[in-house]
Amino acid sequence: MKTGTPALIVARPGHLRDAWRALLMATPLIGQVHQADDEPSALSVVQSLRPRLVLLDSNLPQGGPWTLLQQLKTDHPGSRSVVLVCNLGEQARAEAAGADVALLRGFPAERLFQVIEELLQQMD
Numbered sequence: 119m120k121t122g123t124p125a126l127i128v129a130r131p132g133h134l135r136d137a138w139r140a141l142l143m144a145t146p147l148i149g150q151v152h153q154a155d156d157e158p159s160a161l162s163v164v165q166s167l168r169p170r171l172v173l174l175d176s177n178l179p180q181g182g183p184w185t186l187l188q189q190l191k192t193d194h195p196g197s198r199s200v201v202l203v204c205n206l207g208e209q210a211r212a213e214a215a216g217a218d219v220a221l222l223r224g225f226p227a228e229r230l231f232q233v234i235e236e237l238l239q240q241m242d
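Oh and the sequence shown: position 70 is 188 in the working numbering, straight run, nothing missing.
Structural data, given as structure tokens:
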């Protein structure tokens with residue numbers, strides 16, 4: 119089994135989640151990659167597995183990842199989070215909820231690699 123930082127992807131099933139999983143699995147410092155479809159199931163994973171890196175899509179059922187972000191920062195302040203947002207309003211909301219990084223849709227894939235590397239280095 120691969121060892122390293124546990125990660126969680128919170129996104130609806132589909133191409134985005136599959137691409138994020140492939141990217142995380144190709145990152146040497148990432149260990150197990152867990153997935154959740156929505157905020158309630160993600161909260162359960164966070165409580166039981168305590169992932170150190172969480173990637174969230176703002177386009178979740180029931181209005182987005184805002185409660186999850188707040189709980190993550192309160193209960194697990196050492197965890198790092200990246201949120202994919204649709205607009206500047208969501209970007210501000212993600213940052214206010216405690217996201218370490220909020221990226222606007224359409225960013226280059228290379229930028230996500232850079233962000234993940236930077237966040238993982240902050241954990242050392």
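We treat Cβ as the ideally placed atom computed from N, Cα and C, and that holds for glycine.
Across the structure, Leu-202 and Leu-173 are spaced so that their CA atoms are roughly 8 Å apart.
For the pair of segments examined, the region 131 to 138 was found not to touch the region 161 to 170: the number of CB pairs separated by less than 8 Å stays below three. For Thr-123, the enclosing beta strand (DSSP E) begins and ends at 123 to 128.
Between the C-alpha atoms of Lys-191 and Glu-228 there is a straight-line separation of about 26 Å.
Put simply, the region 194 to 211 does not touch the region 143 to 162. Fewer than three CB pairs are less than 8 Å apart. In this structure the region 207 to 221 touches the region 230 to 242; the number of beta carbon pairs closer than 8 Å is three or more.
Assignment of alpha helix (DSSP H) within the region 149 to 217, counting only whole runs of 4 or more residues, yields 157 to 167, 184 to 193, 206 to 215 in chain order.
Secondary-structure assignment with DSSP links Val-219 through a beta bridge to Val-200. Distance from the CA of Leu-178 to the CA of Thr-185, rounded to the nearest whole angstrom, comes to 12 Å.
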